[in-house]
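Scroll down for the structure; my scribbles are underneath it.
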Amino acid sequence: DQQVKQNSPSLSVQEGRISILNCDYTNSMFDYFLWYKKYPAEGPTFLISISSIKDKNEDGRFTVFLNKSAKHLSLHIVPSQPGDSAVYFCAARLYGNNRLAFGKGNQVVVIP
Amino acid sequence: ETGVTQSPTHLIKTRGQQVTLRCSSQSGHNTVSWYQQALGQGPQFIFQYYREEENGRGNFPPRFSGLQFPNYSSELNVNALELDDSALYLCASSRTGTNEKLFFGSGTQLSVL
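Top to bottom, those sequences are chains A and B. Under this note's numbering, the letters of the first sequence match residues 1 to 112, in that order. Under this note's numbering, the letters of the second sequence match residues 113 to 225, in that order.
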């Protein structure tokens, strides 16, 4: 059963514009959320995270928003750059647990 | 600082065989987690090792087993391979047993024929 869901498997965006990736979750006991980025033939790399006690976290061009009541989070990339072309995974940690539940990923293509 | 390294990068096995995948954790990390990523899916947690003991397990059968060594490196063993075991196997290390920020290796692509 998929506790972390990423719809819209692929996204194409023009360089310089905003990329918005969405993620929904079903388990209200998740207490920490992360985004990972994956290039082909490489492992996922940590991008940005947010604790469930916050509603926004920003790191340079990347901002993650959390809406706990809607069980929804989103990743904003502004401005998008060609090097951002990758698969982005949303992940969540269950409170008191030591494992991450991942979504299926979103393919982002940034067009120069 | 040495990152997470996995070997081999690719492997082809036949149904019923056994396989061992290896992982060296990042310098200073004492916890190793293994994930399976099937085609078109996100990584699925297999298990985690901390201080050479299994520290949590996902929904995988007992034929998936592991080890962690005193230098924090780790092995994933899969017995009686099935076609559905074909996937990318990712190893991730972290500093503590509950650290959510994982550092992943590039993975081992396993094909079972």
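Even glycine gets a Cβ: it sits at the ideal position worked out from N, Cα and C. Quick caveat: nothing in here was measured; it's all calculated off a predicted structure.
My output table needs one value for residue i: the three-state DSSP class, helix, strand or coil.
{"i": "THR210(B)", "result": "Low local confidence applies: a pLDDT of 49 at THR210(B) is under 50, so the model's placement there is unreliable, with the coordinate-based value given in what follows. Correct three-state label for THR210(B): coil."}
{"i": "LYS84(A)", "result": "Residue identity differs from the one stated: residue 84(A) is Asp in this sequence, not Lys. Helix."}
{"i": "GLU15(A)", "result": "coil"}
{"i": "GLY219(B)", "result": "coil"}
{"i": "SER205(B)", "result": "strand"}
{"i": "ASN57(A)", "result": "strand"}
{"i": "THR117(B)", "result": "strand"}
{"i": "TYR39(A)", "result": "coil"}
Indicate whether residue i and residue j have their beta-carbon atoms separated by less than 8 angstroms.
{"i": "SER28(A)", "j": "LYS56(A)", "result": "no"}
{"i": "LEU151(B)", "j": "LEU222(B)", "result": "no"}
{"i": "SER137(B)", "j": "TYR184(B)", "result": "yes"}
{"i": "LEU75(A)", "j": "TYR88(A)", "result": "yes"}
{"i": "PRO82(A)", "j": "PHE216(B)", "result": "no"}
{"i": "GLN160(B)", "j": "ASN167(B)", "result": "yes"}
{"i": "SER49(A)", "j": "LEU34(A)", "result": "yes"}
{"i": "VAL78(A)", "j": "VAL13(A)", "result": "no"}
Buried or exposed for residue i, going by 16 or more other Cβ atoms inside 10 Å?
{"i": "GLY128(B)", "result": "exposed"}
{"i": "LYS38(A)", "result": "buried"}
{"i": "ILE158(B)", "result": "buried"}
{"i": "ALA41(A)", "result": "exposed"}
{"i": "PHE30(A)", "result": "buried"}
{"i": "GLN149(B)", "result": "buried"}
{"i": "ILE18(A)", "result": "exposed"}
{"i": "LYS54(A)", "result": "exposed"}
{"i": "TYR147(B)", "result": "buried"}
Could you pull the DSSP bridge partners for residue i from this structure?
{"i": "TYR25(A)", "result": "VAL4(A)"}
{"i": "ASN67(A)", "result": "HIS72(A)"}
{"i": "SER10(A)", "result": "GLN107(A)"}
{"i": "ALA101(A)", "result": "ALA92(A)"}
Under 8 angstroms, Cβ to Cβ, is there at least one residue of chain D near residue i?
{"i": "PHE157(B)", "result": "Considering every chain present, this structure includes no chain D. Its protein chains are A and B."}
Residue ranges of each beta strand (DSSP E) within the stretch 133–200 of chain B, 3 or longer: Listed in chain order, the complete beta strand (DSSP E) runs (minimum 3 residues) inside the stretch 133–200 of chain B are 143–149, 156–162, 165–169, 176–180 and 186–190.
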